[in-house]
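Going by this note's numbering, the sequence shown runs without a break in its numbering and finishes at 530. Even glycine gets a Cβ: it sits at the ideal position worked out from N, Cα and C. One structure is given below, encoded as structure tokens.
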Amino acid sequence: MQIGVNSTVPAQNLLVFQTKRASFKCRKSPLNSLSTESTRKHLSNLEKLLQKTNQTDSDPVNKPLTNGSISIKRKGLLEGLKLWDIKPEMKAAEEMSPSHLNRLQRLLSKTMEYSPRNNLGSRWREYHGCNDWSGLLDPLDENLRREVVRYGEFVQAAYHGFHSNPAMPVDEAPLPRHVALPDRSYKVTKSLYATSSVGLPKWVDDMAPNLGWMTQRSSWIGFVAVCDDRREIQRMGRRDIVIALRGTATCLEWTENFRAQLVRIPGSDDSNQRVECGFLSLHETSGAHVPSLAESVVQEVQRLIEMYKGETLSITITGHSLGAALSLLVADEISSCAPHVPPVAVFSFGGPRVGNKSFVQRLNQKNVKVLRIVNNQDLITRVPGVFIGDNNSWAYTHVGTELKVDTKMSPYLKPDADVACCHDLEAYLHLVDGFLSSNCPFRSNAKRSLVKLVNEQRSNVKQLYTYKALSLNLDRDRLNVPTGSDDSTLAPLLVGGLAGAITAPALDFWGFTVAWLTLEAAIQLD
5 MQIGVNSTVP AQNLLVFQTK RASFKCRKSP LNSLSTESTR KHLSNLEKLL
55 QKTNQTDSDP VNKPLTNGSI SIKRKGLLEG LKLWDIKPEM KAAEEMSPSH
105 LNRLQRLLSK TMEYSPRNNL GSRWREYHGC NDWSGLLDPL DENLRREVVR
155 YGEFVQAAYH GFHSNPAMPV DEAPLPRHVA LPDRSYKVTK SLYATSSVGL
205 PKWVDDMAPN LGWMTQRSSW IGFVAVCDDR REIQRMGRRD IVIALRGTAT
255 CLEWTENFRA QLVRIPGSDD SNQRVECGFL SLHETSGAHV PSLAESVVQE
305 VQRLIEMYKG ETLSITITGH SLGAALSLLV ADEISSCAPH VPPVAVFSFG
355 GPRVGNKSFV QRLNQKNVKV LRIVNNQDLI TRVPGVFIGD NNSWAYTHVG
405 TELKVDTKMS PYLKPDADVA CCHDLEAYLH LVDGFLSSNC PFRSNAKRSL
455 VKLVNEQRSN VKQLYTYKAL SLNLDRDRLN VPTGSDDSTL APLLVGGLAG
505 AITAPALDFW GFTVAWLTLE AAIQLD
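Right under this line is the structure:
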């Protein structure tokens, strides 16, 4: 039936109505993509259902799907309409739109894309922690985000430098080691070594005599590098000295992690200033052909301060896991190694507690600034706990300012990611790169490539993205990049009567000491 427009609309409004009517256009419906035959079948089903609502006989309606190969019985009105057949890919299309797919393809590219490096200029001290990063963390300042990620990549370079050649010569001093730095404006000036003061029991050598570098007492643990590019020095507002330290890798380093009793700091006038025994051992012990970590760092920092006398300098120490713990001891050591030491700041990732409250006060008095990047799901940042001595009560305390990220904020990682993923350094950098603030979602313009994350944490990445990575022909060979994490293989452990062999490409030994430290605390409390 047609309605005469001229007879129903006043003459004075007729022109306006006709103009607006001419502008009406039918918007494209999701059904438009279906064939005419398919649409007729759905409408036919709907008509039959409506006609049979008053009938007692409810024979099932079996209509073939578009391909004619599958039949579905009607169990109710909505199922009879076969709404799922109207657009079966609609949900997947919403989750992976063309723009999202293009962005994912870019993030899965091997080519790293970085946020712009702005000129820090006169604000460099603020980004280096002179005000404890007040007002820069929540929301996270874009310049600080870039600096944090950059220092984390120095630690990844330390991991790669070790795993590329982990063995130490037995009868002579090690040769200088090449380190591929992520920032070419820096050059490595010194290799650093850590030595354990303990040895493995004889039964370990009897059971596994060919462990090689896994049982060596001294190991390459990091490096000292200095910015040597004039343009970068001008951008940063100073010449930066970086000390980067990797996490646990050898059996004896694992053993030192177990030595969780608090001991007095050598040379301290305050007997209450105490740190973890194992960390202190790796920091202070000399090897057969290498000096101690403490001695090497002090000598190199003193040399660089003298070399660049008269320039504006800064010292930045960065580390992950065990390296984060040693970073605090290194900062304590070098903060008083010369009459006029440049500002000292620590950027640590996934670090455990290191000392007691008196040690924290000691660092504060030396004006050492510490920014701890912590994943809320990382158990390693919660150990060691509280221990009871023979006559005194001691408690471990964290140092500095905290930047807290959360695995659950990432749209790419599973919310129930395992302990390996939550402690993984690449996962940390991924979370920092996407962090806006504590009450905001993951930033949509995150720059960091997902290649290493998918490679190292494939089982912890949501299936939607692993499938898309495969569909984009990103095979294992292409995704195989140098690891930036702890512990390639973990030997069987016996903790509190629980034995198990565990292998994980990115799992730091600290992840398995949680149960041990909890048990030890319970024993001492008893």
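From the DSSP output, in three-state form, read off residue i for me.
i, result
"residue 208", "helix"
"residue 408", "strand"
"residue 438", "helix"
"residue 417", "strand"
"residue 379", "strand"
"residue 334", "helix"
"residue 374", "strand"
"residue 387", "coil"
"residue 345", "coil"
"residue 450", "coil"
"residue 425", "helix"
"residue 339", "coil"
"residue 433", "helix"
"residue 121", "coil"
"residue 510", "For residue 510, the pLDDT reaches just 38, beneath the cut-off of 50, and the residue's location in the model is therefore unreliable, leaving the point undetermined."
"residue 443", "coil"
"residue 490", "Any reading at residue 490 must be qualified, since the residue scores a pLDDT of 43, below 50, and its modelled position is unreliable; the value itself is stated next. Residue 490: coil per DSSP, three-state reduction."
"residue 126", "helix"
"residue 135", "coil"
Would you decide whether residue i is buried or exposed? Buried here means 16 or more other CB atoms lie within 10 Å of its CB.
i, result
"residue 344", "exposed"
"residue 138", "exposed"
"residue 176", "exposed"
"residue 563", "This structure cannot speak to residue 563, because the chain is shown only from 5 to 530."
"residue 448", "exposed"
"residue 205", "exposed"
"residue 98", "Note that residue 98 scores 39 on pLDDT, short of 50, meaning its location in the model is unreliable; the coordinates nonetheless yield the value given after this. Residue 98 is exposed by the Cβ-count criterion."
"residue 348", "buried"
"residue 471", "exposed"
"residue 147", "buried"
"residue 494", "Low local confidence applies: a pLDDT of 30 at residue 494 is under 50, so the model's placement there is unreliable, and no value is given."
"residue 531", "Look at the range of the chain in this structure, 5 to 530, and you will see that residue 531 is not part of it."
"residue 315", "exposed"
"residue 179", "exposed"
"residue 174", "exposed"
"residue 373", "buried"
"residue 318", "buried"
"residue 291", "buried"
"residue 371", "exposed"
"residue 184", "exposed"
"residue 456", "buried"
"residue 271", "exposed"
"residue 220", "buried"
"residue 172", "buried"
"residue 310", "exposed"
Based on the DSSP output, what are the partners of residue i in its beta bridges?
i, result
"residue 400", "360"
"residue 141", "144"
"residue 323", "249 and 352"
"residue 465", "417"
Should residue i and residue j be called a contact, given that it needs their Cβ atoms to be closer than 8 Å?
i, j, result
"residue 360", "residue 278", "yes"
"residue 411", "residue 383", "no"
"residue 362", "residue 276", "yes"
"residue 322", "residue 248", "yes"
"residue 237", "residue 198", "no"
"residue 426", "residue 381", "yes"
"residue 166", "residue 253", "yes"
"residue 437", "residue 208", "no"
"residue 126", "residue 201", "no"
"residue 417", "residue 465", "yes"
"residue 376", "residue 404", "yes"
"residue 243", "residue 123", "no"
"residue 121", "residue 150", "yes"
"residue 257", "residue 326", "yes"
"residue 227", "residue 189", "no"
"residue 330", "residue 297", "yes"
"residue 328", "residue 355", "yes"
"residue 302", "residue 158", "no"
Looking at the C-beta of residue i, does it have a partner C-beta in chain B at a distance below 8 Å?
i, result
"residue 267", "Annotation note: the requested chain B is absent from the structure, which comprises a single protein chain."
Mind pulling the alpha helix (DSSP H) runs of 4 or more residues that sit fully within the segment 237-321? 255-262, 281-288 and 297-311
If we require 4 or more residues per run, which alpha helix (DSSP H) segments fall completely within the segment 154-241? 206-211 and 234-240
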